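All remarks here apply to the structure that follows.
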């Protein structure tokens, strides 16, 4: 009986926390369909004027497409580098592994404002500040830990004897990895890639230090809009970002369930 009561209490507390975290979403999305000329909740009427303002404004769309392009490039680079680091950590026995792993996860532990200041000072000397390459490098630094966390877990649960059997039969180690290991851990690779895209697409703090007038990502554009003017168009932009993030997170969960089904079938 006490166990049932404790479970009910846990569910109630968890539900309250979830509602508290989701409350801004419940407010922003209805406001994006408001017919008012300023931010107002509840909205007095239904209108698509702010979505039209977003998709018809070249400045907003330039930032949107820059964020998409940056997210895709960061996702590809982070997935490649993160997978290589994960393979190194999973298949080498060294006393430095724990230190190497901790260093790679630093962007997830250290406050981003510190990382952003360091990157800004370093990029200024290399003349990378404000460049697309600089944004890719900075976002990759932030996104790689997400890839490593997911892929390393999959590699540690992978039976390496399957790959070794292929090598013993004459397959090149790299070919055996590509043909055997990669398909098996593909759900983890795709999940890590999606997390890297989300980390890049939603990143604000580092982008604020690295971007300039011509390389404003969508979060930076929103931040400047909030500081200079309270434009209701930002509610539509925020709703688009929320929709994309939710869709990608649902995709990650589907990939996780698919990976679990593959393990059960084996």
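In our numbering, the protein residues as written are 1 to 266. Positions of the beta carbon are idealized from the N, C-alpha and C atoms, including for glycine. Since the structure is predicted, the reported quantities are computational estimates derived from the model, not experimental observations.
Where does residue i fall in DSSP's three states?
i	result
residue 46	strand
residue 264	For residue 264, the predicted structure reports a pLDDT of 47, less than 50, and the residue's modelled location is therefore unreliable. A value from the coordinates is still provided. The answer is helix: DSSP assigns residue 264 an H, G or I state.
residue 34	strand
residue 161	helix
residue 211	coil
residue 232	coil
residue 289	For the chain, the structure presents residues 1 to 266; residue 289 sits outside this window and is missing.
residue 247	helix
residue 171	coil
residue 226	helix
residue 22	helix
residue 179	helix
residue 204	coil
residue 41	coil
Less than 6 Å between C-beta atoms, sequence neighbours within five positions excluded: which residues of the same chain meet that for residue i?
i	result
residue 134	123, 128 and 210
residue 61	none
residue 154	185 and 188
residue 41	27 and 31
residue 51	236
residue 294	No answer is possible for residue 294: it lies beyond the span of the chain, which begins at 1 and ends at 266.
What's the call for residue i, buried or exposed, on a 16-neighbour Cβ count within 10 Å?
i	result
residue 71	buried
residue 150	buried
residue 38	exposed
residue 213	exposed
residue 4	exposed
residue 144	buried
residue 75	buried
Which residues in the same chain as residue i place their Cβ atom closer than 7 Å to its Cβ, once the five residues preceding and following it in sequence are excluded?
i	result
residue 184	158
residue 226	234
residue 180	162, 163 and 166
residue 67	201, 217 and 218
So, at 8 Å on beta carbons, what are the nonlocal neighbours of residue i in its own chain, with the 5 sequence-adjacent residues on each side left out?
i	result
residue 63	216, 217, 218, 220 and 221
residue 44	34, 35 and 36
residue 223	204 and 208
residue 107	115, 141, 142, 144 and 145
So, do the region 3–18 and the region 192–203 have three or more beta carbon pairs nearer to each other than 8 Å? As far as the Cβ criterion goes, the region 3–18 does not touch the region 192–203, which means the pair count is below three.
I'd like to know if the region 96–114 and the region 163–176 are in contact, where contact means that at least 3 CB-CB pairs between them fall below 8 Å. No: fewer than three Cβ pairs fall under 8 Å.
Quick one: any contact between the region 87–99 and the region 197–207, if contact means 3 or more CB pairs under 8 Å? Proximity of the region 87–99 to the region 197–207 falls short of the contact definition, fewer than three beta-carbon pairs being nearer than 8 Å.
Identify every run of the alpha helix (DSSP H) within the region 55–136, keeping only runs that are complete inside it and at least 4 residues long; order them along the chain. Given a length threshold of 4 residues, each whole run of the alpha helix (DSSP H) inside the region 55–136 is given here in chain order: 58–91, 97–104, 106–109 and 112–126.
Using 8 Å as the Cβ pair cut-off and three pairs as the minimum, do the region 222–239 and the region 27–37 touch? Touching, yes.
Is it the case that the region 107–121 contacts the region 175–188, given that we only count it when at least three CB pairs across the two stretches are under 8 Å? When Cβ pairs closer than 8 Å are counted between the two stretches, the region 175–188 is seen not to touch the region 107–121, the count staying below three.
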